[in-house]
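A short worksheet on the structure shown next.
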Amino acid sequence: MQVEVRLYAIARERAGRPSVVLDLPEGSRLADLKSALVRSLPELTGLVPHFKFAIDQEYAEDGDMIASGSEVVVVPPVSGG
Amino acid sequence: MIEITEGPIDHAALTERVRSNLAGAVCVFLGTTREVTGDRRTLTLEYEAYAPMARRRLEAIEAQARERWPLIDAAIVHRLGRVGPGEISVVVAVSSPHRAAAFEACQWIMDTLKQDVPIWKKERYADGTDEWVHPGLCPKG
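Same order as they appear, the protein sequences are chains A and B.
Okay, so the first sequence: first residue is 1 according to this note's numbering, each after it adds one.
Okay, so the second sequence: first residue is 82 according to this note's numbering, each after it adds one.
See below:
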């Protein structure tokens, strides 16, 4: 399945693009998506362990399932305010 | 009341919005762009958000604050885009019957916003450099 991952702040800047489409096997979990993300964008390798991820606008854990229509977003450490 | 806006924030209008005859206390926090940090001068802060989730998180924070303290009203407004020195990036305004709840809720909302809501800022410095602010993340990481 193809899943689009949107990038913000330093993740977008390092990757040089606002999103990336990953090809993942059915039944993938967030941990699998993270591995695929750094394979696709090696420039994010050292940063990904510091990022949170959101699936369908909720913070997600490594074991959470990814579906083909999931809205997946990389959330670098936040700095609002 | 939650709002994410690209334009300037009218803090006085938000204060009026939460004022009430039932309130004995109104507490308002303004986050503003600090021009000098150490020996560096900031020209502007540039905010971006994952807006739909940011709005949801802010709504959840407001709801939690209303559960935790006897608030009469609450307003949280965050600005995106460029915010110059002295300008307001965020307003938290709360009203309650007594002052302790207003002080505590206002601080808790602001602290939680800074830890939880997907909004980011970039510092643009007078020396021509810029830097995303990502707490806990080495800038060269």
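Every residue gets a Cβ at the ideal spot worked out from N, C-alpha and C, and that includes glycine.
The model shown is predicted, which means the values in this text are computed figures rather than measured ones.
Close partners of R163/B in chain A (Cβ separation under 9 angstroms) are lacking, with about 15 angstroms as the shortest Cβ gap. For A207/B, the three-state secondary structure derived from DSSP is coil. Non-local C-beta neighbours of V20/A in its own chain, meaning closer than 8 angstroms and more than five positions away in sequence, comprise E4, V5, L7, L37, S40 and L41, ordered along the chain. Interface residue (Cβ-Cβ distance to chain A less than 8 angstroms): Y206/B is not classified as such. Taking a C-beta cut-off of 8 angstroms against chain B, the contacting residues of the segment 2-18 of chain A are R6, Y8, A9, I10 and E13, listed in chain order.
Using a Cβ-Cβ cut-off of 8 angstroms, W189/B does not count as an interface residue toward chain A, since no Cβ of chain A sits closer than that to its own.
For the segment 102-132 of chain B, the set of positions with a beta-carbon nearer than 8 angstroms to some beta-carbon of chain A reads G112, Y128, E129, A130 and Y131 in chain order. Closest by C-alpha distance to W150/B, out of H159/B, A106/B and G217/B, is A106/B.
Take E140/B, set aside five residues on each side of it, and the residues of its chain with a beta-carbon closer than 8 angstroms to its own are I83, in chain order. Residue-level contact check: G81/A touches chain B, since one or more beta carbons of chain B fall below 8 angstroms from its beta carbon.
H159/B is positioned such that its CB atom lies closer than 8 angstroms to that of S170/B. CA-to-CA, the gap between R17/A and A144/B works out to about 35 angstroms. Residue pairing by DSSP places H159/B opposite I85/B and V171/B in a beta bridge. Beta bridge pairing from DSSP links K52/A with V75/A. Shown here for S101/B: same chain residues with a beta carbon closer than 7 angstroms to its own, the five before and five after excluded, namely I153, D154 and S176 in chain order.
Taking a cut-off of 8 angstroms for Cβ pairs, the segment 203-214 of chain B and the segment 121-130 of chain B touch, as three or more such pairs fall below it.
Looking at the backbone, the Cα of E97/B and that of P77/A are separated by about 33 angstroms. Using a Cβ-Cβ cut-off of 8 angstroms, V158/B does not count as an interface residue toward chain A, since no Cβ of chain A sits closer than that to its own.
Among the CB atoms of chain A, none fall inside 8 angstroms of the CB of R98/B. L22/A and K34/A have their C-alpha atoms spaced approximately 10 angstroms apart. Shown here, R121/B sits in a strand according to DSSP, grouped into three states.
No Cβ of chain B is located within less than 8 angstroms of the beta carbon of V38/A. Between A9/A and M134/B, the beta carbon gap of about 14 angstroms keeps them out of contact (Cβ cut-off 8 angstroms).
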